[in-house]
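All you need for my numbering is the position in the sequence shown, starting with 1, plus 5. Cβ atoms here follow ideal geometry from the backbone N, Cα and C, with glycine treated the same way. In this text, all values refer to a predicted model and were calculated from it rather than measured experimentally. What follows is one structure encoded as structure tokens, with my remarks underneath.
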Amino acid sequence: EKRVVVTKDLPGFRWINVLANAGCKVEVCTHPDTILDNSTIKALISDNCDGAIGQLTEDWGEELFGALRSAGGTAFSTYAVGYNNVSIPAATAVGIPVGNTPGVLTETTAEIAVALTMAAAKRVVEADEFMR
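Take a look at the structure:
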């Protein structure tokens, strides 16, 4: 059974079902801090971890990829479209492929763009200030 750690609970259940059906034991971090530091993530990885799913707020560089590899890790994915917090050279240096989740914010980004456009066109902020 493969052990996969997830640094924060993720929405929905499909992702966890996919991992479970692939024979993975999924452990979701329940630490109370919103943003985890490297020592907390390393403790989560421990000495036996096959893969990890991280967040945009975490610094996935040499330290964390080294810990993941030392624990037997062979895969990492960030639950984000961007990966500016992930050092691809550090992951490559220890042979860990990196994945991300492109497309998860496409609809949300479009909606906020329309909302901001409408707010500017209709002068919503100015009207709100005037009415207060």
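Per DSSP, cross-strand counterpart(s) of residue i
i: S82; result: I58, G104
N-terminal and C-terminal residue of the alpha helix (DSSP H) that residue i is part of
i: E63; result: Run containing E63: none; DSSP gives neither H nor E here.
i: A72; result: 67 to 75
i: L24; result: 19 to 26
Helix, strand or coil at residue i according to DSSP, with G and I counted as helix
i: V33; result: strand
i: V129; result: helix
i: V91; result: strand
i: T45; result: helix
i: T113; result: helix
Proximity of residue i and residue j at Cβ, strictly below 8 angstroms
i: I58; j: S82; result: yes
i: D42; j: G77; result: no
i: T12; j: C34; result: yes
Endpoints, beta strand (DSSP E) assigned at residue i
i: R1; result: Since the displayed the chain opens at 6 and closes at 137, residue 1 lies outside it and no answer follows.
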